[in-house]
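A short worksheet on the structure shown next.
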Amino acid sequence: MARLTTTILLATALVATAACSKKRPAVLPPAAGEAPPPAYQDPNGGLNGGGAGAATPGSAADFKRSVTSDTVLFALDMYDIDSEARAILDTQVQWLTRYPNVRVTIEGHADERGTREYNLALGDRRANAAKNYLAARGISPARISVISYGKERPVALGSDEASYARNRRAVTVVVS
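In structure tokens form, the structure reads like this:
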């Protein structure tokens, strides 16, 4: 009798565990900062049926083409917006003003030095500094979300000052 009870309990636990398991989605979404693949590529090389180099107005491709840069760089252990960053963010303000329904995410990043926790906090301060600048220039903060990746997503691999400088950044990404 005890053996039957044990078998029933074990079978029930196995069925319950199998029912709760998550299935992996067929298609994974792109990582943050990556643009999704175009829905349609015409034979002439243009996206979405446009001519060569055409980008849909208000799209991520249009944003990258229209602004000076989607990336603002920072000095070591800093999150202040300097004159170069202001110039870049001002072009982003112009584009965002043209497309008031577009939402963006600002990703904060740090170089590999420092602890994970410190770099996540620094990346958050950098992303929020860029967000606050855009908001001060008239872009609704409700359209802007921030995320910090700290040192987890370097754009430049290497342990030298040139790589560190490229990794200390805030990147504005258009949300589709």
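In terms of the working numbering, the sequence shown opens at residue 1 and continues consecutively.
We put the beta carbon where it would ideally sit given N, CA and C, even for glycine.
Where residue i falls: helix, strand or coil (DSSP)
i: residue 117; result: helix
i: residue 123; result: helix
i: residue 163; result: helix
i: residue 66; result: helix
i: residue 135; result: helix
i: residue 155; result: coil
i: residue 81; result: coil
i: residue 171; result: strand
i: residue 105; result: strand
i: residue 97; result: helix
i: residue 50; result: Confidence is the limiting factor: at residue 50 the pLDDT is only 45, short of 50, which leaves the residue's position unreliable, though a coordinate-based value still follows. It is coil, neither helix nor strand.
i: residue 145; result: strand
C-beta contact flag for residue i and residue j at 8 Å
i: residue 106; j: residue 146; result: yes
i: residue 138; j: residue 97; result: yes
i: residue 104; j: residue 89; result: no
i: residue 119; j: residue 151; result: yes
Nearest-angstrom beta carbon gap, residue j and residue i [assumed within contact, 8 Å]
i: residue 74; j: residue 169; result: 7 Å
i: residue 123; j: residue 148; result: 3 Å
Extent of the continuous beta strand (DSSP E) run through residue i
i: residue 71; result: 71 to 73
i: residue 140; result: Neither: residue 140 is in no beta strand (DSSP E) and is coded neither H nor E.
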